[in-house]
Amino acid sequence: MALIMAGAPGNGRREVIEKILAELEGYVEAFLAAHGGEKMEGVEMNGIQNLLTAWPATTTNPWSSPSYLLSKTHFGTRLVPVELGKSYTTENWSQKIMPFRDFLKTYILSPEVDGSSYPGYLAQHSLFSQIPSLRDDILTPDYCYTTPPPAPPSTRTHPLEGPIVNAWFGPAGTVSPLHTDPYANILCQVLGRKYVRLYPPSESERLFPRGVEGGGVDMSNTSRVDMDAEGGGVQVEEWKRFQEARYLEGVLRAGEGLFIPAGWWHYVRSLDTSFSVSFWWN
């Protein structure tokens with residue numbers, strides 16, 4: 001909880017917390033063994049083909065295995081923030097902090113049992129800072145050590161010391177609404193498939209950015225168009241203009257990476273149970 005809420009700031013505090021958690025892992029394993037705790041051994045997710053062959057996450061340490069993921073989260077007791085609802089642009093959207101084990105059982109292994117209208121999504125979470133052992137299962141793409149094309153002039157950024165690495169894990173149907181990011185991005189698909197649509201910055205006027213909304217929140221990086229709603233959830237004339245915008249689209253498959261330049265609009269929808277890793281850099 002300290003790592004999620006505050007990042008454990010302060011000299012040496014993160015190291016202390018990580019050491020405590022590593023020591024506790026052995027006690028948790030012994031306790032579960034003595035009390036018949038469920039580890040979900042042998043349960044596998046399907047649809048894994050042609051993965052990133054250099055990543056341990058796809059070979060020796062398979063993220064397709066729930067039992068492996070549970071072992072790396074102290075048998076699922078580590079807490080993670082989960083997005084609930086269609087997307088952050090809707091009124092019914094919320095976040096809930098829950099044990100990783102509960103997220104896995106409820107939204108990945110048995111999503112239909114939950115009974116809710118929308119899936120749970122572990123989205124844009126710094127999982128690898130929270131669980132460093134999982135960070136060892138991935139490799140930073142060489143592209144992140146190059147200089148990407150410059151961001152649009154309106155994009156406000158600051159120099160990064162290194163790539164910002166985030167996890168995206170959820171069942172089929174999870175959505176990232178049409179939006180832009182301030183940094184260049186390599187989106188790496190470890191598990192499953194995602195439909196992606198890209199619009200260049202030159203099409204921004206046809207995409208109807210939101211602007212500043214309630215509470216002074218700047219949502220200008222997010223479109224008012226709901227690509228999953230009939231007519232986009234906007235006025236008829238706006239929908240007609242939106243349909244005139246030029247775009248690229250495709251399906252990102254396991255083992256593939258997609259370069260998304262800074263300031264480019266993108267909409268992403270999971271077609272299967274999906275685990276992706278994004279690398280932001282500038």
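Each residue of the sequence shown is one higher than the one before, counting from 1 in the UniProt record's numbering. Idealized CB from N, CA, C, for every residue including glycine.
First and last residue of the uninterrupted alpha helix (DSSP H) at residue i
i           : result
residue 128 : 127 to 130
residue 239 : 236 to 243
Residue i and residue j closer than 8 Å at C-beta
i           : j           : result
residue 270 : residue 171 : yes
residue 210 : residue 242 : no
residue 69  : residue 98  : no
residue 277 : residue 195 : no
residue 199 : residue 145 : no
residue 140 : residue 163 : yes
residue 272 : residue 192 : yes
residue 184 : residue 125 : no
residue 138 : residue 239 : no
residue 177 : residue 156 : no
residue 261 : residue 81  : no
residue 103 : residue 190 : no
Residue range of the beta strand (DSSP E) that includes residue i
i           : result
residue 274 : 274 to 281
residue 177 : 175 to 179
residue 170 : 164 to 170
residue 158 : Looking at the DSSP string, residue 158 is not in any beta strand (DSSP E), and its letter there is neither H nor E.
residue 267 : 265 to 270
Spatial distance of residue i from residue j (CA atoms)
i           : j           : result
residue 216 : residue 88  : 16 Å
residue 153 : residue 23  : 48 Å
residue 37  : residue 101 : With a pLDDT of only 46 at residue 37, under 50, the local geometry of the prediction cannot be trusted, and the value read off the model is given with reservation. Rounded to the nearest angstrom, the two C-alpha atoms are 12 Å apart.
residue 165 : residue 118 : 26 Å
residue 268 : residue 143 : 21 Å
residue 225 : residue 263 : 17 Å
residue 197 : residue 228 : 13 Å
residue 57  : residue 66  : 12 Å
residue 127 : residue 235 : 39 Å
residue 130 : residue 231 : 40 Å
residue 106 : residue 74  : 18 Å
Residue environment, residue i, which counts as buried when at least 16 other CB atoms sit within 10 Å
i           : result
residue 83  : buried
residue 223 : buried
residue 158 : exposed
residue 132 : exposed
residue 122 : buried
residue 279 : buried
residue 10  : exposed
residue 64  : buried
residue 265 : buried
residue 160 : exposed
Every unbroken beta strand (DSSP E) inside the region 44 to 100 [3 residues or more]: 79 to 84 and 94 to 99
In chain order, each alpha helix (DSSP H) run of at least 4 residues that lies wholly inside the region 182 to 259: 204 to 207 and 236 to 243
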